[in-house]
């Protein structure tokens, strides 16, 4: 009888292979490659399979959101995880999936690592309290025009020197009015 009561909890759909707490926020990762010439890679994703409400039933990130350059799972167990893998696989974080942080309106600062190459549609849509972005990528990550929908485009965006011109011309990034180098 108890197992019948717990069954709905076990069947909770997920869009991720593993979760990891980073600076107080739980981030969710989807394995995109387990190795090969490009190494093991992941993308940051949202926790549920509900694209309209990707964070329904989960605690949304808040405050400073730092996307790590690499991550090692405590134990990967999603559909792309290799059961032979242990906690020694180091994955490079290369992208942020569409809708990944959609509606996470308590994020105030965002830090992106040098490894990020793509940021999907509506990835940060509705992050209305976002007030500062630091990007460490020497090449502007590919954005969709909607990646930062409903975000104040007058907030400071800090990029590595000497990349101002490439960010200023890149699709999506050129929407921001205050891009400066550090």
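Numbering (our numbering), first residue to last: -18 to 163.
Idealized CB from N, CA, C, for every residue including glycine.
Near residue i, what residues of its chain come up, given a Cβ to Cβ distance below 8 Å and the 5 sequence neighbours on each side ignored?
i           : result
residue 73  : 20, 21, 22, 23, 50, 51 and 96
residue 128 : 100, 101, 102, 103, 104, 105, 106 and 153
residue 136 : 111, 112, 113, 114, 157 and 159
Which residues in the same chain have their Cβ closer than 6 Å to the Cβ of residue i, if we skip the five residues on either side of it in sequence?
i           : result
residue 157 : 134 and 138
residue 115 : 92 and 139
residue 121 : 147, 148, 151 and 154
residue 71  : 51 and 53
residue 78  : 24, 26 and 101
residue -11 : Reliability of the predicted coordinates at residue -11 is poor, the pLDDT of 39 falling under 50, and no value is obtained from them.
To the nearest angstrom, report how far apart residue i and residue j are at their CA atoms.
i           : j           : result
residue 90  : residue 69  : 30 Å
residue 11  : residue 160 : 30 Å
residue 117 : residue 145 : 12 Å
residue 111 : residue 53  : 27 Å
residue 86  : residue 130 : 12 Å
residue 36  : residue 17  : 32 Å
residue 124 : residue 94  : 15 Å
residue 142 : residue 113 : 17 Å
residue 101 : residue 9   : 15 Å
residue 3   : residue 47  : 7 Å
residue -7  : residue 132 : With a pLDDT of 43 at residue -7, under the threshold of 50, the modelled position of that residue is not reliable, and the figure given next carries that caveat. For residue -7 and residue 132, the distance between alpha carbons rounds to 31 Å.
residue 126 : residue 5   : 29 Å
Using 10 angstroms around the beta-carbon of residue i, count the other beta-carbons present and answer buried if the total reaches 16, otherwise exposed.
i           : result
residue 7   : exposed
residue 28  : buried
residue 163 : exposed
Thinking C-alpha only, which one of the options is nearest residue i?
i           : options             : result
residue 40  : 88, -2, 77 and 18   : 88
residue 80  : 0, 30, 136 and 48   : 30
residue 42  : 0, 142, 141 and 123 : 0
residue 108 : -3, 45 and 17       : 45
residue 34  : 9, 83 and 113       : 83
residue 15  : 75, 5, 38 and 47    : 75
residue 13  : 3, 4 and 26         : 26
Residues in the same chain with beta-carbon distance under 7 Å from residue i, minus the five sequence neighbours each way, listed in chain order, please.
i           : result
residue -3  : 9, 10, 11, 26, 28 and 59
residue 32  : 80
residue 38  : 29
residue 98  : 75, 76, 122 and 123
residue 119 : 95, 141 and 144
Taking only runs that begin and end inside the segment 71 to 139, name each unbroken beta strand (DSSP E) of 3 or more residues, in chain order. 72 to 77, 87 to 93 and 113 to 116
Output the residue ranges of the beta strand (DSSP E) runs that lie fully inside the segment -6 to 60 and measure 3 residues or longer, sorted by chain position. -1 to 3, 6 to 15, 21 to 26 and 43 to 47
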